[in-house]
Every structure is written in C-alpha cells, then in structure tokens.
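For the sequence shown, UniProt numbering gives the first residue as 1, with consecutive numbering after it.
Each residue gets a CB set at the ideal place from its N, CA and C atoms; glycine is no exception.
Here's the structure we're looking at; comments come further down.
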Amino acid sequence: MAPGKASKWQPFPAFDNISTTSTMSTVPFSSFASGPRSFKNTRPAPFHLPSELTCSLCNKPKNLRAYSQNQQNKYRSTRGEHQIICLSCMGVNKQEMMCSLCDKTLPLKKFAKSQRRGEGQCLDCVAERIGEGRKGFSGWEEMGRLRITEGKGEEGEGGNGDGKEEKGGEVVRGQRYRVGDHRNGPPEVGEDWSDGDESDVSVEDSDSGGSVFSI
C-alpha cells in the first residue's frame, strides 16, 4: 500500500476509542411502554339465553333442552329476534291451531297466512270483528244484507207508487249475495257467491228515507 493513500482498512486498535453510544441519542424505556387505552370497548354485552323459551309455533314455554343447538345459536346471535322452534315442532307441518278469540282448534285452512304464527285468529272471528266495526253491524246476516242494501231503490214494475218496492222491480241489479238461508247461523267460509234473485228480495223503507232490501 502506497504511503499517504487512504485505505478503508484500519488497524483494529483504532476502534478502541470510539464509543458505540456517543452518536446515538439516549431514549428512555418509558417512551416505548404503552400508555392507557385511547379507545373504548364497543363490543355489546354478552347475550345469555334464559332458562325457558317459548316456541313460536306451539306457543309453549319449554326448557332449553327442547331446542336444538342450531336454534339456540340463531336465537343468541340475533339477540332474541329469531323465532325459535322446538324440536317437537321442527320438521313437522302444522295441521291445526287454536284461535285466540273463540278458543277452537281449527285446521290451518281456517286461518289466513298472516294469522298462522303466534296467537292467530280464524277467518270467522276476523270477519265478525270487522263487521262489528262497520256501522255497528254484527254477524254474517247483517253483513250479507248490507251488501245488497246500500243505495236507494227505484220503483219497479208493479210498484204502487207509495214509496215501497215490490218484488218485480230491478232492485238487485249488479248485486251479489251468498247462496242459502243463513238466518239461523253464519255461512261457511268459502261458500260460492251467486247473483241475486228478484223473487228472494223484499224491500222496506228505512228511517233515513232509503230502501232496505233483505233476502
């Protein structure tokens, strides 16, 4: 090696006087230690299943052993929103249920689809309840009469001109009523409808001045 020429190689003792910490800033250990949490725990509280659950089909409170683990997990994950079904009702088509109004056990065809879960009401009870809310009418007989009595009748053939209709008039034109005599009880649900027959209609004056047609 030529004298005076710089070289990257130096004798080992030359490094003895160099401090390994002289060129570094001293950092305290506390700076690396984690401080208090800067965020809040947003996880919801754990949802615990009660000791008894009510089946959404049979409406009976039962112990957790009466429900499958899959149903319990769904109920827990939805925090009680899942309509849980017991093992006895799982996989079994519901054939009948009890009406919450008349307390009668009837087949499913007697209930609307919207009434087949929970405390449902049969078609007859729903129709009767709706009829009572309309102008004070109650029962199928009044409801059936209302369908053909709305409006004011016109004097037909053979009318005597005193304000009363006779059977010859076209008093049921465009109206429909249930077949059969239901004065002794309500009609069957789903019974056929038929056009009115003039021979089955009689007309009386009501207090309001209109004509009341009855069958």
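With a threshold of 16 other beta carbon atoms within 10 Å, Asp124 meets it and is buried.
For the pair Ala127 and Leu57, the Cα-to-Cα distance works out to about 24 Å.
For the set Gly120, Ile130, Lys113 and Asn70, the Cα lying nearest the Cα of Cys86 is the one of Asn70. Looking at the backbone, the Cα of Ser68 and that of Gly131 are separated by about 43 Å. Nearest Cα to Leu101 within the set Arg129, Asn63, Pro46 and Thr42: Arg129.
Minimum Cα-Cα distance from Gly118 among the listed residues Thr78, Pro61 and Asn73 corresponds to Pro61.
Counting of Cβ neighbours within 10 angstroms places Met97 among the buried residues, the total reaching 16 or more. For Lys62, the enclosing beta strand (DSSP E) starts and ends at Pro61 to Asn63. Here the alpha carbon of Cys89 sits roughly 11 Å from the alpha carbon of Gln95. Judged by DSSP in its simplified three-state form, Cys86 adopts coil rather than helix or strand.
Remark: C-beta atoms of Leu106 and Cys99 approach each other more closely than 8 Å.
Spatial neighbours of Cys122 in its own chain (CB-CB distance under 6 Å, excluding positions within 5 residues in sequence) are listed in chain order as Cys99, Leu106, Lys110 and Phe111. The alpha-carbon separation between Glu52 and Arg43 amounts to approximately 26 Å. Bridge partners of Glu81 according to DSSP: none are assigned.
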